[in-house]
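To start, the structure itself, in structure tokens.
Protein chains in written order, with this note's numbering: chain A, 1 to 348; chain B, 1001 to 1214.
Structure representation (structure tokens):
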């Protein structure tokens, strides 16, 4: 995961300029990959872009898009505007993302990877209370019987269209794999109680839209990297791994990857999953602990024989006062495979 | 005092429509609003909390039960205001400056209401100044702050410092929470407590206030 890109971005004189300038952003991603000696040019994680571009279709400004949420079912004209094939919009961040991809694609030593928020996660950002709506849907309440459920499925429909549009654009600019990030597809949003009782809410809200997205990627001959850093049930991990069949499956630190290996086909690489969300704190996560966990993870993955790339559980955001602490731990994590005599590829 | 089993069950089961209709009927039948809260609604949310701790209920169930409770409270609140009755303790809650995440904060607010607290929700992206103003204007007993991003956590310390500068820090207990927050961090910034989940927050608030009363 792009733990490196955000840190490297903030070494720029003007990080916000570089974030929105394709050439500068491309160089940031290139420097990140080279610094930590990986061919995988993982992009900067910005899961706001698809929402910004989507809402621009109905006149919501970029500034307002971040907090904008639908509060009632969409009327026909809004739905049509959001899903139609009319003029699409790309915000500066999306344009920079695509231009950076083109730049990376021109470097033969690097593998250009795109990124997009997943359809379910985007849908949850379009409405105020997606969890209640999902819970009602999980009880079998239909869109006809509940405005909350109706809005959820409408948001999912427009989200799916937006993500597919983003993916196609990134592929057109040179992406050879797309990392689909579904942080909301987790047990906070989807009740394990309901799923254990046989509810199909995970299937309808998460798997079906992502299967359709995967079909789009297949048609483009573009690989899928699937990321979900949330708390998950085994059945979710197994579904992601066996039915989406990504080339890489990236999971959060709540999972024990060597135990998840039994759920994952042997040709799906497991990625992660150091608890980088706590790297900012030397008291909670000292460097020694990072090294210990890295060594333990590598040893366990070697013992279970499943292909694995050592990395972060998710993006590590730049925290000004903790920059040195975070960098020290990233460097320590990346140094472990070589000191451990491990032949597995490590990545940031 | 008799518990209204139908109301209790409708909240535990997260049935908002039933909770509302049962409350309506009970009030029409002359049951005192505070009796409904204390004998049926708060125990129902206590049970919901127990089920959550037992990992039988999860966040979606918490929200459905909170929604059922809120649906009933919408009928009761105007009656309490009219009679001058208030909940004994008041909590101000918000997501800190720079952070727009609200799901965790909303769950905690819902559970606190269910726990019998008056909750003033300041929303998201709440500046230290806004927290201070809320403490001055509403005299809460507790301030709860949420942050979902490591980059916004520093706003928690800024808010605690602002409460000190304004001379109101000792008036309130300060609780913090959110995915990147830890017990250690809470201690470092001078918070009175930290909870890693919504249900824990309710228990912690009760304990802190009980400690004050002792």
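Here a beta-carbon is modelled for each residue, glycine too, at the ideal position from N, C-alpha and C. Remember, predicted model here, so these are calculated numbers, not experimental data.
Check whether residue i and residue j have beta carbons under 7 Å apart
i: residue 229(A); j: residue 252(A); result: yes
i: residue 261(A); j: residue 249(A); result: no
i: residue 1091(B); j: residue 1152(B); result: no
i: residue 91(A); j: residue 69(A); result: no
i: residue 53(A); j: residue 89(A); result: yes
i: residue 1116(B); j: residue 1042(B); result: yes
i: residue 1048(B); j: residue 188(A); result: no
i: residue 177(A); j: residue 113(A); result: yes
i: residue 1146(B); j: residue 1203(B); result: no
i: residue 32(A); j: residue 59(A); result: no
i: residue 135(A); j: residue 1064(B); result: yes
i: residue 210(A); j: residue 232(A); result: no
i: residue 1094(B); j: residue 1122(B); result: yes
i: residue 9(A); j: residue 15(A); result: yes
i: residue 50(A); j: residue 163(A); result: yes
i: residue 159(A); j: residue 123(A); result: yes
i: residue 1148(B); j: residue 1190(B); result: no
i: residue 319(A); j: residue 1150(B); result: yes
i: residue 943(B); j: residue 1208(B); result: Outside the displayed range of chain B (1001 to 1214) lies residue 943(B), so it cannot be described from this structure.
i: residue 110(A); j: residue 23(A); result: no
i: residue 1012(B); j: residue 1032(B); result: no
i: residue 278(A); j: residue 333(A); result: no
Contact belief for residue i with residue j at Cβ below 8 Å, rounded distance in angstroms
i: residue 156(A); j: residue 120(A); result: 7 Å
i: residue 185(A); j: residue 216(A); result: That pair is no contact at about 18 Å.
i: residue 101(A); j: residue 167(A); result: 12 Å between Cβ atoms; not a contact.
i: residue 1175(B); j: residue 1201(B); result: 6 Å
i: residue 73(A); j: residue 147(A); result: 5 Å
i: residue 326(A); j: residue 271(A); result: About 19 Å separates the two Cβ atoms, so there is no contact after all.
i: residue 1132(B); j: residue 1163(B); result: 6 Å
i: residue 1126(B); j: residue 1172(B); result: About 15 Å; that fails the 8 Å criterion.
i: residue 352(A); j: residue 227(A); result: Since the first residue shown for chain A is 1 and the last is 348, residue 352(A) is missing from the structure and cannot be characterised.
i: residue 133(A); j: residue 152(A); result: 4 Å
i: residue 181(A); j: residue 117(A); result: 6 Å
Any chain A beta carbon closer than 7 Å to residue i
i: residue 1060(B); result: yes
i: residue 1184(B); result: yes
Below-7 Å beta-carbon distance, residue i vs any chain B residue
i: residue 5(A); result: no
i: residue 32(A); result: no
i: residue 163(A); result: no
i: residue 113(A); result: no
i: residue 319(A); result: yes
i: residue 131(A); result: yes
i: residue 188(A); result: yes
i: residue 225(A); result: no
i: residue 2(A); result: Annotation note: pLDDT 44 at residue 2(A) (below 50); position unreliable, coordinate value reported separately. Closer than 7 Å: no.
i: residue 254(A); result: no
Outcome for residue i when other beta-carbon atoms lying within 10 angstroms are tallied against a minimum of 16
i: residue 329(A); result: buried
i: residue 324(A); result: exposed
i: residue 255(A); result: buried
i: residue 17(A); result: exposed
i: residue 305(A); result: exposed
i: residue 259(A); result: exposed
i: residue 1199(B); result: buried
i: residue 194(A); result: buried
i: residue 1159(B); result: buried
i: residue 337(A); result: buried
i: residue 154(A); result: buried
i: residue 348(A); result: The pLDDT assigned to residue 348(A) is 45, lower than 50, so where the model puts this residue is not dependable, and the model offers no usable value.
i: residue 1112(B); result: buried
i: residue 172(A); result: exposed
i: residue 127(A); result: buried
i: residue 234(A); result: exposed
i: residue 13(A); result: exposed
i: residue 145(A); result: exposed
i: residue 203(A); result: exposed
Give, in chain order, every residue of the segment 192-206 of chain A whose Cβ lies closer than 8 Å to some Cβ of chain B. 192, 193, 194
Below 9 Å between beta carbons is the criterion; list the residues of the segment 257-289 of chain A that meet it against any residue of chain B, in chain order. 277, 278, 279, 280, 281, 283, 284
Using a Cβ-Cβ cut-off of less than 9 Å, list which residues of the segment 1147-1167 of chain B approach chain A; keep chain order. 1149, 1150, 1151, 1153, 1154
Closer than 8 Å between beta carbons: that is the criterion. Which residues of the segment 1048-1072 of chain B meet it against chain A? 1056, 1057, 1058, 1059, 1060, 1061, 1063, 1064, 1067
Contacting positions in the segment 6-22 of chain A - beta carbon closer than 8 Å to chain B: none
Against chain A: residues of the segment 1097-1125 of chain B by CB proximity under 7 Å: 1100, 1103
Taking a Cβ distance cut-off of 8 Å, strictly less, list which residues of the segment 1179-1210 of chain B are near chain A, in chain order. 1179, 1180, 1182, 1184, 1185, 1188
Give, in chain order, every residue of the segment 132-156 of chain A whose Cβ lies closer than 9 Å to some Cβ of chain B. 132, 134, 135, 136, 138, 139
Contacting positions in the segment 55-80 of chain A - beta carbon closer than 9 Å to chain B: 66, 67
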